[in-house]
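For reference, the structure is listed below as structure tokens.
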Amino acid sequence: MRLLIGLGMSLIVAIGAYVSFASRPPPVFAETRITAEHFAVTGMTMAGERLVAVGELGHILLSDDQGKTWGEAQVKDSRGSALTQVVFFNDKEGVAVGHDAWALFTEDGGLNWRETLFDKDFSEPLLGVWGLAEGPVFAYGSFGRFFVSNDHGRTWEKREPGIGDAHIYAMNGAADGHLMMVGEHGLAFKSTDFGQTWQAIPEFYRGTMFGLIRLSAEEWIAYGLRGNIFRTTDFGATWTQIPTHLSIGLFGHAVLPDGRIMIVGQGGVMLESRDNGANFNVIQENKGNNLTAIVALPDGRLLTAGLGGIHNFDGGQQGEQK
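When the letters of the sequence shown are read in order and numbered with our numbering, they come out as residues 92 to 413.
Here is the structure:
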């Protein structure tokens with residue numbers, strides 16, 4: 092009897108050891124899915140009729156039905172770094188940039204992206220990207236880091252525009268070659284030759300500007316910290332401050348087909364101008380989450396995006412995209 096009990100115990104131990112160390116299939120987890128209403132967005136634009144939004148952990152979301160449903164783009168060998176901004180030059184070719192001096196390129200309307208720039212020795216972010224179909228593309232960011240591409244972002248060349256080590260936050264321009272860029276501590280520069288050379292703009296504000304709106308070769312709007320909005324009608328020679336009665340950051344904008352100018356920012360604030368930027372009125376505030384982008388859709392709706400996801404704007408209420 093003792094022998095049988097001993098053999099039985101030995102068998103139990105052997106089976107337990109086998110089960111403990113034997114290979115087994117991995118557990119099945121629910122699929123992880125990035126949803127538009129919970130995605131922290133830092134940049135959003137249109138690629139033809141497709142919406143493209145970039146943000147946290149290098150994710151890129153796409154919508155082909157004007158924001159009703161969203162899917163995720165494919166990023167080859169993603170580094171997981173946060174993306175900060177995205178631009179398209181036509182309905183196929185676009186560039187997204189982000190932390191770790193990371194730049195991605197697409198040539199199929201945003202469905203697939205591949206890395207074209209990464210600086211392993213420079214961990215600071217690229218903060219923006221700007222370009223047109225008929226000109227060079229500029230990627231810029233912290234500590235004056237500045238890159239130029241002459242092939243829509245397939246290859247890049249490092250440049251020194253002569254601005255020092257200040258952070259560059261925004262750039263804008265048009266096919267006439269008149270460009271402008273702004274950044275921290277009053278940084279403001281302009282170019283008349285599509286960025287080949289840059290000239291300092293006389294200081295009009297000592298704080299930080301996060302955005303630029305080009306209305307014409309001479310008319311521009313700059314906006315940024317503490318609700319500050321400035322307007323020039325002589326390509327930066329002189330500026331007029333536009334009262335907003337706000338003391339919060341302003342981060343993104345859109346110029347609508349009917350000429351209205353919308354600026355969004357901290358706490359879900361939204362401002363509107365109906366007179367080419369001469370005056371701005373607050374039409375939304377105290378919504379909680381910071382807004383970083385606003386896009387006008389072909390059907391007339393507005394989509395806002397920010398740290399609280401992507402939402403409809405219906406004139407005062409933000410409805411979630413399901």
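Where is the CB? At the ideal position from N, CA and C, for every residue including glycine.
Residue burial classification, residue i (beta-carbon count within 10 angstroms, cutoff 16)
i, result
"I374", "exposed"
"S307", "exposed"
"N372", "exposed"
"T126", "exposed"
"H129", "exposed"
"H276", "exposed"
"A405", "In the sequence on display, residue 405 carries Asp and not Ala. Per the 10 Å Cβ criterion, exposed."
"T331", "exposed"
"G232", "buried"
"G146", "buried"
"R297", "exposed"
"K378", "buried"
"P216", "buried"
"R392", "exposed"
"H336", "exposed"
"G400", "buried"
Residue i and residue j closer than 8 Å at C-beta
i, j, result
"R170", "T207", "no"
"I339", "G315", "no"
"V177", "T136", "yes"
"T197", "T133", "no"
"Y260", "G219", "yes"
"W247", "A194", "yes"
"R305", "N263", "yes"
"G268", "H258", "no"
"L153", "G162", "yes"
Distance, residue j Cα to residue i Cα
i, j, result
"F280", "L303", "12 Å"
"A230", "D210", "13 Å"
"E122", "T324", "Annotation note: pLDDT 41 at E122 (below 50); position unreliable, no value reported."
"G235", "G158", "35 Å"
"F295", "G253", "19 Å"
"R351", "D212", "43 Å"
"G356", "N380", "9 Å"
"P293", "G327", "8 Å"
"A369", "H190", "35 Å"
"P116", "D168", "Any answer about P116 is weak, because its pLDDT of 46 lies below 50 and its placement is not dependable; what the coordinates show is given next. Distance between the alpha carbons of P116 and D168: 26 Å."
"S114", "T299", "Because S114 sits at a pLDDT of 41, beneath the cut-off of 50, its placement in the model cannot be relied upon, and the point is left open."
Residues bridged to residue i [DSSP beta-bridge criterion]
i, result
"T136", "V143"
"Q357", "Looking at the DSSP assignment, Q357 forms no beta bridge with any residue, so it has no partner."
"G264", "L270"
"L398", "DSSP, once it has assigned bridges, lists no residue as partnering L398."
"H344", "I354"
"R322", "I312, T331"
"E206", "L195"
Original post:
Touching or not, the stretch 218-226 and the stretch 165-184, by the rule of three or more beta carbon pairs under 8 Å?
Top reply: yes
Original post:
Is there contact between the stretch 137-152 and the stretch 383-399, where contact requires at least three CB pairs shorter than 8 Å?
Top reply: yes
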